[in-house]
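The structure under discussion appears below in the form of structure tokens.
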Amino acid sequence: MDKTPPTMPRQSWTFSNEVNAEIRRAAATGIYDIRGGGAKRRVPHFDDLLFLGASVSRYPLEGYRETCGTKVTLGTRFAKKPIELDIPITIAGMSFGSLSGPAKEALGRGATLAGTSTTTGDGGMTEEERGHSEKLVYQYLPSRYGMNPDDLRRADAIEVVVGQGAKPGGGGMLLGQKITERVAGMRDLPVGIDQRSACRHPDWTGPDDLEIKILELREITGWEKPIYVKVGGSRPYYDTALAVKAGADVVVLDGMQGGTAATQDVFIEHVGQPTLACIRPAVQALQDLGMHREVQLIVSGGIRTGADVAKALALGADAVSIGTAALIALGDNDPKYEAEYNAMNTTAGAYDDWHEGRDPAGITTQDPDLMARLDPVEGGRRLRNYLSVLTLECQTLARACGHNHVHNLEPEDLCALTMEAAAMAQVPLAGTNWYPGKPGF
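Counting in the numbering used here, the sequence shown tops out at residue 441, every number present.
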């Protein structure tokens, strides 16, 4: 009798259960999938890099007796009043409308306690955020929602958004259930109607027009405010170079792991480049123009730990920006709400339907009952704690590499675990002095 066990059926890698489920959903609805939460696919990231701690060839710093600086100044090129931060970690732009009023207040409180800045996002400036943010960056977006000259002057810096990591070349979405009377009033939109943000600014078609716009913003604000230009991680070398030539004080570079905002799933997963692949070309552009450190570079998209912060700085960034991690620090995706996430056919660790306005944590909603669950004072305290941990971790790694300031971290402090990461970061594959594409090899 043949006792050979039967061969187990094999699931197709190309047509997996997830792919098949999406085909069935598309066939049933005729509507493309919309979600937030950034890319879910595995791409090369900071985990694929390791630090080379000091030993004999380099001398480490003693953590309890030798200081390691973390301060950073943004906007030193042209602005009369650059922004001075205690830590190299800022809060990324996330709109009121996408986020609740208490969430914006909590972000402002936490950033202020930590000595850093927060950013408005699409939809304008709220009193909750301005009132509790010692340093507030005002985003100037293609939609122009909520934009007015008075708020430009009230801000501490202006960030001209050309693209975002989750959707370079595309615009975000805000479903009608989140467009309350207050949100509609700030954005000059009808209540309860789905909104799609513009994918490009209406009054320019290229870098020459961007230069004109930056000059207009400087005149409106008396040349006081630093002007940032934010680009999605698609062509980082040329976009950085053109932003610098247009007159930017700061370039914000957002990789594809970023993106709390909602857009098409096909955009999130198939447009842009990993954050790790974007940093070195942007730094090279700044170096080629003689502007590295004179024009500051902020990197965002998937920053989670102090190690991520330190690695981004070692590759040449001046600071990083966090969005998703900041929301998690406030309490989003908390397993204590698992039953409510399950009721929405999802789970706490995978919840990405923030745009639907039913966030049980009260962070990405406009529902008054849900918003009441978030205590902005406690949320600000939690965010401050998280930012403190990131900073301490970054300092620990800098000291281990022998540096007395986190900005002294350098590519020579790193090695890569994979060929892909070595090529993207342009640091040697572990155990070698080579990376793919290294000149002379």
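By construction, the Cβ of each residue, glycine as well, lies at the ideal position given by its N, Cα and C atoms.
Query	Result
According to the neighbour-count rule (16 or more other Cβ atoms, all chains shown, within 10 Å of its Cβ), is His270 buried or exposed?	exposed
When DSSP builds the beta bridges, which residues end up paired with Ser300?	Asp254 and Ser321
Given Arg200, which residues of its chain have a CB within under 6 Å of its CB, disregarding the five upstream and five downstream residues?	Pro142
Select from Glu84, Phe96, Met94 and Lys213 the residue whose C-alpha is nearest the C-alpha of Thr112.	Glu84
Just verifying my parser: in three-state terms, what is the DSSP assignment at Thr240?	helix
Taking Glu159 and Tyr228 to be in contact with their CB atoms under 8 Å, please state how far apart those CB atoms are, rounded to whole angstroms.	4 Å
At 4 residues or longer, what runs of the alpha helix (DSSP H) sit wholly inside the region 314–370?	324–330 and 338–343
Which term fits Asp308, buried or exposed, when burial requires 16 or more other beta carbons within 10 angstroms of its beta carbon?	buried
Between which two residues does the alpha helix (DSSP H) holding Gly110 run?	Gly101 to Ala114
Measure the CB-CB distance between Asn408 and Glu66 and report whether it falls below 8 Å.	no
Which residue comes first and which comes last in the alpha helix (DSSP H) that contains Leu390?	Pro376 to Ala400
Report the three-state DSSP secondary structure of Ile227 (helix, strand or coil).	strand
Round the Cβ separation of Val320 and Val295 to the nearest angstrom and send it over; I've been treating them as touching at under 8 Å.	Actually they do not touch by this definition, with Cβ atoms about 16 Å apart.
Alpha carbon to alpha carbon, how far is Ala400 from Leu414? Give it in angstroms, no decimals.	12 Å
If you draw a straight line from the C-alpha of Lys40 to the C-alpha of Gly222, how long is it?	43 Å
For Val309, name the three-state secondary structure that DSSP assigns.	helix
Between Gly349 and Gly301, which are expected to be in contact by the criterion C-beta below 8 Å, what is the C-beta distance as a whole number of angstroms?	Between Gly301 and Gly349 the Cβ distance is about 19 Å, and since that is not below 8 Å, they are no contact.
To the nearest whole angstrom, what separates the beta carbons of Thr118 and Ser133, a pair I think is in contact under 8 Å?	5 Å
What distance in whole Å lies between the Cβ atoms of Ser197 and Asp122, which are believed to be in contact at a cut-off of 8 Å?	6 Å
Label Gly440 either buried or exposed according to how many other C-beta atoms from any shown protein chain fall within 10 Å of its C-beta, with 16 as the threshold for buried.	exposed
What are the boundary residues of the beta strand (DSSP E) that includes Gln177?	That residue, Gln177, is in no beta strand (DSSP E); it is neither H nor E in DSSP.
Compare the C-alpha of Gly146 against each of Gly247, Met125 and Gly163 and name the closest.	Met125
DSSP state of Arg280, grouped into three classes?	helix
Pull up the CB-CB distance for Pro149 and Ile220, whole angstroms please, since I reckon it's below 8 Å.	5 Å
Hey, Ile89 and Thr391: beta-carbon distance below 8 Å or not?	yes
Let me check understanding here. Comparing Cα to Cα, which of Tyr386, Trp434 and Gln426 lies closest to Ala106?	Tyr386
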